[in-house]
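According to our numbering, the stretch in the sequence shown is residues 5 to 290, in order. For every residue, glycine included, the Cβ atom is placed at its ideal position computed from N, Cα and C. Reading through the structure tokens given below for one structure.
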Amino acid sequence: MLDRRTFVLGAAASAALASALPAHAAASAPASGATPDTATPDKTAGVFAAADGTPLLLTHRDDQWVLVDEGGSVRITTGLAGADLVDVTSDGTTFIAVGAVSGDPIATIWESTDGIAWHEVRRLHGVRSEFTAVGGGLALGSVVKHERASVVRIAARRTANGWTTVRVRGLEWTDGLSATAVAATADGWIVAAVDISGTVLHTSRDGVSWTTRPRLDDVAVRGLTAVDGRVHWVGNEIVDATPLAGVLDAGTTRPDVPADAKALGVAGTRSGWLTGGRLITAEATR
5 MLDRRTFVLG AAASAALASA LPAHAAASAP ASGATPDTAT PDKTAGVFAA ADGTPLLLTH
65 RDDQWVLVDE GGSVRITTGL AGADLVDVTS DGTTFIAVGA VSGDPIATIW ESTDGIAWHE
125 VRRLHGVRSE FTAVGGGLAL GSVVKHERAS VVRIAARRTA NGWTTVRVRG LEWTDGLSAT
185 AVAATADGWI VAAVDISGTV LHTSRDGVSW TTRPRLDDVA VRGLTAVDGR VHWVGNEIVD
245 ATPLAGVLDA GTTRPDVPAD AKALGVAGTR SGWLTGGRLI TAEATR
């Protein structure tokens, strides 16, 4: 069974990554600045779309964060030493990663213009916390206990002056749930959190006050995106981890990916999946 922690912190991806990146990556000529894979990745922050729409995986291996494309090319990043990343996204010009500073966690946000060189832009000093989802200029997370169970919701909005923390009302999740995905919609934002029986969903017009909407049972959502007024999602079935995709209030489909593929999120119009240690993508919006 896949529990919520598997999807929040990417442990599901870690299991699949145990087979490492494609063997041909080391044999093929790497792009400028790229490095062939020589070690097994141990965690992933998810996928995002490069400026040209290319899906990229931000993953951790050999004590460093690297970018991996579908061909297996690996590029070493800078500026993420000591980062425990959980989610990553792109707004078309800027790449944004969230998580916490390693050790006694402190919720932190990093940005990059090329996906390679990153710099810290916001840190919540003085409290044990982590951000677990980012999208549409909104980062969501929690103040956490020592076992990383969330106790108080936290949020930060991206404005012209940078990232600013905002109040959170209405995300009354129980059992220490944390956000697994968030996306901007025509009416504000939608956020997902995973419990033992499926996905809890909330919507907000201002990123502060949240309202419960019908949940999505039997699936752990890892990615959300809004297109033409419809909210598309990707994830895995709770019990047997079958890859699933769908549109809220409009049904579920089986994406064209292998049966063991683990959902990583959404990169532009593509969904990202991990199978056999490789990043693959499928159409996320139909």
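Return the bridge partner residues of residue i from the DSSP annotation.
i, result
"V105", "A87 and I110"
"E134", "S146"
"A100", "Reading off the sequence, residue 100 comes out as Ile, not Ala. Paired residues: T93 and E115."
"S213", "R173"
"S275", "V270 and A286"
"L181", "In the DSSP output, where bridge partners are listed per residue, L181 has none listed."
"V225", "G239"
"H206", "V195 and T216"
By how many angstroms is the C-alpha of residue j removed from the C-alpha of residue i?
i, j, result
"G180", "A197", "10 angstroms"
"L71", "E241", "27 angstroms"
"R282", "G76", "7 angstroms"
"A230", "A188", "7 angstroms"
"I100", "G140", "10 angstroms"
"H236", "K266", "17 angstroms"
"H206", "P218", "8 angstroms"
"L84", "A224", "28 angstroms"
"W277", "L268", "5 angstroms"
"W122", "S116", "5 angstroms"
"V186", "L175", "13 angstroms"
"P34", "G272", "Bear in mind that a pLDDT of 38 at P34, under 50, signals an unreliable position, so the number given afterwards is only what the model happens to contain. One C-alpha to the other measures close to 24 angstroms."
"A51", "L62", "Checking the sequence, you will find Val at residue 51 rather than Ala. In a straight line, the C-alpha of V51 is about 6 angstroms away from that of L62."
"T112", "A137", "12 angstroms"
"V102", "V148", "15 angstroms"
"D56", "V270", "15 angstroms"
"G107", "T82", "19 angstroms"
"S182", "T97", "27 angstroms"
"Q291", "R161", "Nothing about residue 291 can be reported from this structure: the residues present for the chain run from 5 to 290 only."
Out of the options, which has the shortest C-alpha to C-alpha gap to residue i?
i, options, result
"V92", "E74, T48, A85 and G76", "T48"
"P109", "D56, E124, T257 and S133", "S133"
"G166", "W114, S182, I200 and T136", "W114"
"D46", "L89, D221, T257 and H129", "L89"
"V105", "S116, G86 and R79", "G86"
"A249", "V243, S201, D232 and R226", "R226"
"V238", "D253, T257 and D232", "T257"
"T163", "D95, G103 and K149", "D95"
"T216", "R274, I200, T58 and V195", "V195"
"A286", "Q68, E74, H64 and D66", "E74"
"D244", "G255, I200, W69 and I284", "I200"
"L228", "G255, D253, T184 and A254", "T184"
"G255", "D222, S275, T58 and Q68", "D222"
With DSSP run on the structure shown, which of helix, strand or coil describes residue i?
i, result
"R282", "strand"
"E176", "coil"
"R161", "strand"
"P262", "coil"
"W122", "strand"
"S77", "coil"
"I200", "coil"
"P218", "strand"
"A249", "strand"
"I194", "strand"
"A54", "coil"
"D233", "Reading off the sequence shown, one finds Gly at residue 233, where the question assumed Asp. It is coil, neither helix nor strand."
"D46", "strand"
"G255", "coil"
"L71", "strand"
"H64", "strand"
Under 8 angstroms Cβ to Cβ from residue i, same chain only, skipping five residues before and after it: list those, please.
i, result
"A159", "L142, A143, L144, G145, T169, V170, R171, V172, G211 and V212"
"A190", "A230 and G233"
"F135", "V90, D91, V102, G103, A104, A111, T112, I113, A143, L144, G145, I158 and A160"
Quick check: is any heavy atom of the ligand ZN less than 6 angstroms from the C-beta of residue i?
i, result
"V72", "This structure lacks the ligand ZN, and indeed carries no ligand of any kind."
Which residues in the same chain as residue i place their Cβ atom closer than 7 angstroms to its Cβ, once the five residues preceding and following it in sequence are excluded?
i, result
"G119", "A54, L60, L71 and F99"
"T246", "N240 and A263"
"V131", "V147"
"E124", "T112 and W114"
"A43", "Because A43 carries a pLDDT of 44, less than 50, the predicted location of this residue cannot be relied on, and no value is offered for it."
"H129", "I110"
Note down, in chain order, each residue of its chain lying with its Cβ closer than 6 angstroms to the Cβ of residue i, except the 5 sequence neighbours on either side.
i, result
"R234", "V251"
"T279", "P262, D264 and A265"
"A19", "Reliability fails at A19, whose pLDDT of 36 lies under 50, so the model's placement of it is uncertain and the value that follows must be treated cautiously. Hits under 6 angstroms: none found."
"S208", "G192, W193 and W214"
"L220", "G202 and T203"
"P259", "P247, A249 and A286"
"V156", "V147"
"R274", "P59, T285 and A288"
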